[in-house]
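Notes follow once the structure below has been shown.
Written out as structure tokens, the structure reads:
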């Protein structure tokens with residue numbers, strides 16, 4: 015079933031990681047690396063089940079490939095999901111463990127801030143890999159994302175009214 019899902023989504027690879035010490039459960043989906051490394055966010059959300067987390071990562075990795083292509087970037091699409099548990103002893107340790115997972119991919123995936131994560135989380139990841147952006151030093155991209163969403167919705171309203 016998992017391979018059929020990957021084939022139907024035209025996914026290059028799917029990486030599942032667990033760390034019993036920190037409680038990490040992570041999914042990294044890489045959709046496309048033909049133009050360069052896969053770039054995509056790292057979500058930190060609670061999911062009703064593992065299948066939902068995997069499905070979210072796959073769908074968002076596909077979306078990132080298309081966004082990168084539309085922007086003319088020399089990157090492909092990827093996405094990470096860190097499953098939010100009811101209790102975590104150390105959020106910093108959790109994201110440091112995730113950083114080690116990203117580093118094992120040898121630059122095939124570059125992670126960034128997304129729903130539920132912050133620049134502080136990216137700083138923790140950066141302690142174990144250089145394949146991360148949206149760190150405190152790089153700046154929080156959230157205001158730019160918000161402006162893009164606002165402009166998109168404003169445009170739809172103008173079309174609907176006009």
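In my numbering, the protein residues as written are 15 to 176.
All C-beta atoms in this analysis are idealised placements derived from N, C-alpha and C, irrespective of residue type, glycine included.
Since this is a predicted model, take the numbers as computed values, not measurements.
Rounded to the nearest whole angstrom, the C-alpha separation of residue 142 and residue 82 is 26 Å. With a cutoff of 8 Å on beta-carbon distance, residue 149 and residue 133 are scored as near each other. Around the CB of residue 45, 16 or more other CB atoms lie within 10 Å, so the residue is classed as buried. Less than 8 Å divides the Cβ of residue 93 from the Cβ of residue 75. Per DSSP, the beta-bridge partners of residue 124 are 53.
Between residue 71 and residue 113, the C-beta spacing is not below 8 Å.
Taking C-beta atoms as the reference points, residue 107 and residue 36 count as a pair closer than 8 Å.
The straight-line gap separating the alpha-carbon atoms of residue 73 and residue 23 is approximately 8 Å.
Residue 32 counts as exposed, since fewer than 16 other beta carbons sit within 10 angstroms of its beta carbon.
For the alpha helix (DSSP H) assignment, the uninterrupted runs of no fewer than 4 residues enclosed by the region 85-121 are, from N- to C-terminal side, 105-117. For residue 40, the enclosing beta strand (DSSP E) has its first and last residue at 38-44.
The C-beta distance from residue 54 to residue 78 rounds to 4 Å, short enough to meet the 8 Å contact threshold. In the three-state scheme derived from DSSP, where H, G and I count as helix and E and B as strand, residue 80 is classed as helix. Around the C-beta of residue 15, fewer than 16 other C-beta atoms lie within 10 Å, and the residue is accordingly described as exposed.
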